[in-house]
Each structure stands twice: as C-alpha cells, then as structure tokens.
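Taking it in order: structure first as structure tokens, then the write-up.
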Amino acid sequence: MTTVIQTKNVSKRYKAVAAVDELSVEFEQHRIHGLLGRNGAGKTTLMQLLTGQLFATGGQISVFGEEPVENADVLRRVCFIQEGQVYPDGFTPEHVLTVARGIHSGWDEETARHLVDVFELPTDRKIKKLSRGQLSAIGIIVGIASRAELTFFDEPYLGLDAVARKNFYDELLRDFSEHPRTIVISSHHIDEIAPLLETVTVIDNGKLLMRHEVEELADAASSFSGTRTAIDEFAEYVEVLERTDVGGLSTIVVRGQVPRPLLERASELKLERQPASLQDLFVALTESARQERRARQNA
Numbered sequence: 035m036t037t038v039i040q041t042k043n044v045s046k047r048y049k050a051v052a053a054v055d056e057l058s059v060e061f062e063q064h065r066i067h068g069l070l071g072r073n074g075a076g077k078t079t080l081m082q083l084l085t086g087q088l089f090a091t092g093g094q095i096s097v098f099g100e101e102p103v104e105n106a107d108v109l110r111r112v113c114f115i116q117e118g119q120v121y122p123d124g125f126t127p128e129h130v131l132t133v134a135r136g137i138h139s140g141w142d143e144e145t146a147r148h149l150v151d152v153f154e155l156p157t158d159r160k161i162k163k164l165s166r167g168q169l170s171a172i173g174i175i176v177g178i179a180s181r182a183e184l185t186f187f188d189e190p191y192l193g194l195d196a197v198a199r200k201n202f203y204d205e206l207l208r209d210f211s212e213h214p215r216t217i218v219i220s221s222h223h224i225d226e227i228a229p230l231l232e233t234v235t236v237i238d239n240g241k242l243l244m245r246h247e248v249e250e251l252a253d254a255a256s257s258f259s260g261t262r263t264a265i266d267e268f269a270e271y272v273e274v275l276e277r278t279d280v281g282g283l284s285t286i287v288v289r290g291q292v293p294r295p296l297l298e299r300a301s302e303l304k305l306e307r308q309p310a311s312l313q314d315l316f317v318a319l320t321e322s323a324r325q326e327r328r329a330r331q332n333a
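Under this note's numbering, the first residue of the sequence shown is numbered 35, with each subsequent residue one higher.
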C-alpha cells in the first residue's frame with residue numbers, strides 16, 4: 035500500500051515546550067485515518083507541519099514523497115480544513131466557495147451545491163453573521179467538494195448538532211466511496227467517527243501512544259467487570275490502563291490480547307468481559323500516559 039505521509043522523529047518546539055516530540059507516523063493512500071488526542075496533544079501542530087504551514091525543529095517529513103514546506107507541487111494536492119478558520123472581512127460563503135473552486139483542480143461543483151442544501155447554508159450572508167455551526171459547514175463543504183488527493187479535517191464539526199454531524203459523516207463516506215482519496219480526521223467525538231475510520235493514531239504530549247488498524251482494536255484492549263475482590267486478583271496479571279471502582283464493583287480496561295489461561299481464570303472469577311470501545315481505549319491510554327508523566331515529575 036502506498037504511503038502518502040511519513041514522518042521520522044519529527045519535532046516542533048516552542049522554547050521549552052515540545053508541541054510535537056520526535057514523532058514517527060505513517061498514513062497510507064486512499065484510506066480514512068483518525069488522528070486522536072486530547073486538547074494540546076499536538077494534533078493541529080502536526081497537521082500544520084504536514085501542510086507546510088510550520089517548519090519542523092527536527093526530523094523528517096514526507097508528503098507524496100517530498101518535503102511540503104514551500105512546495106507548490108505538494109500543496110496543490112492538499113486541502114486543510116482547520117478549526118477556527120478565519121475569512122476576510124466582508125466575505126460570504128459564496129466567496130469562499132469561489133476561491134476554493136479556483137484552488138482545487140478536482141473541485142466538484144455539483145457536490146458543493148448538494149452539500150449547501152444538506153447543511154442549509156445561506157451562501158449570501160456575511161460570514162461574520164453566521165453561527166459557529168454554519169462556519170463549520172463551510173469547511174466541510176470545501177473539504178468534501180475539493181476532492182483533494184489528501185484532505186485534513188481538524189475538528190470539523192464544532193457547533194454542529196447531532197443531526198448535522200451525522201450528515202457530515204454520511205456525506206463524507208458516500209463521496210469517499212465514489213472518489214477514494216486520503217483523509218485524516220481529528221475529532222473529540224471519538225465513538226461517532228469510529229465507523230468512518232480504517233486506522234487510528236493516538237498522540238499525547240506530542241508523542242505517539244498508539245497506532246492500530248481499526249479491525250485490530252478488538253485485540254488492543256478489553257474491559258473486565260466484577261466484584262472488587264475478583265478484579266484485585268485478576269489485575270495482578272494484566273496491564274491495567276484504567277480502573278473504576280463503584281461500591282463493591284470494579285471495572286478495568288486491559289491493554290493487549292489476554293492469554294487463554296487468564297480468560298479462563300476471569301470466567302472462574304465471574305468477570306464480565308467486553309471489547310473496549312475506541313473511546314474507552316483513548317481515555318485509558320491518555321490518562322495512563324498523564325499519570326506516568328506526573329509520576330516522573332514527582333520522582
């Protein structure tokens with residue numbers, strides 16, 4: 035499978051702060067990738083590095099086999115829809131669509147107009163008078179209708195209600211199935227976007243925590259629930275990412291595939307086992323990483 039994006043030990047530092055810290059990731063062609071992380075994890079900085087908006091402090095970046103900074107041949111193949119996009123004073127959504135039409139060679143006008151109707155976007159209203167959700171709809175329309183070979187959506191749904199978010203997911207999947215390209219989405223609505231994704235990359239504090247094929251996630255983590263006493267015993271033999279105690283009952287999220295003998299012991303202890311959701315795994319991984327950092331700082 036062709037690799038569209040590759041970074042090797044890439045870093046971006048602001049004085050003493052490492053927004054991205056020796057990060058090595060890959061994203062393959064014609065797939066929808068999830069880029070997940072808590073606020074401040076480095077997702078937006080990474081996307082800005084990949085789209086040539088920032089210079090890396092160290093490491094290597096390759097997009098379509100080339101360095102993206104000041105590279106017109108690379109950037110003309112890319113569409114970056116970022117959170118809080120700022121538009122010129124006096125612009126309307128129609129002005130934005132006109133500019134996007136001129137920038138993106140794969141632009142599909144029929145798709146753009148269809149999406150305008152789906153999101154009920156008033157194209158002749160001044161942008162400064164639009165709601166947060168309507169501003170997000172502009173980015174979604176441009177991102178999908180651009181049909182760019184590589185499209186980044188950075189928290190694209192802010193201000194959209196549940197129905198509008200579902201419309202975004204449905205329209206993105208429909209257009210992707212008809213016109214495959216490489217799409218990277220960052221999002222806080224993790225379980226909502228999970229059905230869209232083929233791979234999941236989780237970063238925290240600028241570092242890589244996990245990269246999995248979605249179909250592998252069933253083996254990436256499991257949750258076990260039962261009495262606190264039973265969980266206490268079982269937890270001694272597994273890697274616990276997160277634990278919740280309520281009264282005499284406990285639930286743990288366990289990393290990795292659990293060996294058959296331990297599964298048999300879990301059954302003997304009357305523990306209930308379920309695959310951890312992507313949301314559960316994300317929360318457990320990032321919280322575990324933060325606890326480890328605090329422990330190192332306090333040591």
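Ideal Cβ placement from N, Cα and C applies to all residues, glycine included.
In this text, all values refer to a predicted model and were calculated from it rather than measured experimentally.
So the candidates are the options; which of them puts its Cα closest to the Cα of residue i?
i: V59; options: I66, R72 and N43; result: N43
i: F153; options: V176, V133 and L84; result: V176
i: L109; options: L84, N239, D188 and A300; result: L84
i: P127; options: L57, K160 and E144; result: K160
i: D266; options: D279, T37 and L69; result: D279
i: G76; options: G99, V51 and H64; result: V51
i: L296; options: A310, V234, L242 and A269; result: A269
i: V120; options: L283, V97, T91 and L164; result: L164
i: V97; options: D209, R65, L169 and T41; result: T41
i: R299; options: V112, V272 and V236; result: V272
i: S170; options: E183, D188 and R262; result: D188
i: H246; options: L80, L131, V234 and G240; result: V234
i: N345; options: S220, T37, T36 and S139; result: The first residue shown for the chain is 35 and the last is 333, placing residue 345 beyond what the model contains.
i: K49; options: A310, Q87, Q82 and T91; result: T91
i: A310; options: G281, E250, F114 and Q325; result: E250
i: I39; options: E144, L80, E212 and A198; result: L80
i: D158; options: A198, A146, E143 and V130; result: V130
i: E212; options: F125, T145, G93 and E104; result: T145
i: A254; options: I115, G290 and R324; result: G290
i: L243; options: R199, V197, R324 and G282; result: R324
i: I115; options: N332, A198, G282 and P190; result: P190
i: N239; options: D123, E326, P122 and G86; result: E326
i: A106; options: N332, T261 and G86; result: G86
Going along the chain, which residues of its own chain have a beta-carbon closer than 8 Å to the beta-carbon of residue i, five neighbours each way excluded?
i: W141; result: A134, R135, A179, S180 and R181
i: E276; result: I286, V287, D314, V317, A318, E321 and S322
i: E143; result: R135 and A179
i: E104; result: G86
Just to confirm my understanding: we take residue i, look at its own chain, exclude 5 residues before and 5 after, and list those with CB closer than 7 Å. What are they?
i: I224; result: L70, L312, Q313 and F316
i: H64; result: P214, R215 and T216
i: L192; result: E117, R166 and S170
i: T36; result: E62 and Q63
i: Q82; result: L88
i: K241; result: D55 and L57
i: G282; result: T261 and R262
i: R6; result: Since the displayed the chain opens at 35 and closes at 333, residue 6 lies outside it and no answer follows.
i: F125; result: I161
i: I95; result: T41, V44, L83, L84, E101 and P102
i: Q168; result: L155
For residue i and residue j, I'd like the C-alpha separation in whole angstroms.
i: T78; j: S301; result: 43 Å
i: P102; j: F186; result: 14 Å
i: L230; j: I137; result: 27 Å
i: H148; j: V292; result: 48 Å
i: I237; j: S139; result: 32 Å
i: R328; j: S284; result: 24 Å
i: D204; j: R47; result: 37 Å
i: R199; j: V150; result: 14 Å
i: K162; j: P122; result: 10 Å
i: N332; j: A264; result: 31 Å
i: A334; j: V197; result: Absent from the model: residue 334. The displayed extent of the chain is 35 to 333, so no value can be given.
i: V248; j: G93; result: 28 Å
i: C113; j: T132; result: 15 Å
i: V274; j: H222; result: 23 Å
i: R208; j: A53; result: 34 Å
How close, in whole Å, do the beta carbons of residue i and residue j come, if the pair is a contact with beta carbons under 8 Å?
i: G99; j: I227; result: Between I227 and G99 the Cβ distance is about 28 Å, and since that is not below 8 Å, they are no contact.
i: R294; j: S256; result: Incorrect: roughly 13 Å between the Cβ atoms, too far for contact.
i: F202; j: I174; result: 5 Å
i: S259; j: L305; result: 7 Å
i: R111; j: L184; result: 6 Å
i: S45; j: E56; result: 5 Å
i: L194; j: I172; result: Not quite, the Cβ-Cβ distance comes to about 12 Å (not below 8 Å), so this is no contact.
Closer than 6 Å by C-beta to residue i: which residues in its own chain qualify, once you throw out the five before and the five after it? Chain order, please.
i: I66; result: I217, L230, L231 and E232
Run the proximity test for residue i: is its beta-carbon closer than 7 Å to any non-hydrogen atom belonging to the ligand HEM?
i: T263; result: For the ligand HEM, the structure offers nothing, since it holds no ligand at all.
Segments assigned alpha helix (DSSP H), at least 4 residues, entirely inside the stretch 231-301: Taking only runs of at least 4 residues, the alpha helix (DSSP H) segments lying wholly in the stretch 231-301 are 251-254 and 262-269.
Inside the stretch 90-158 only - beta strand (DSSP E) runs reaching at least 3 residues: The stretch 90-158 contains these whole beta strand (DSSP E) runs: 92-97 and 112-115.
May I have a chain-ordered list of the alpha helix (DSSP H) segments no shorter than 4 residues that lie completely inside the stretch 168-227? List check, alpha helix (DSSP H) in window: 196-212 and 224-227.
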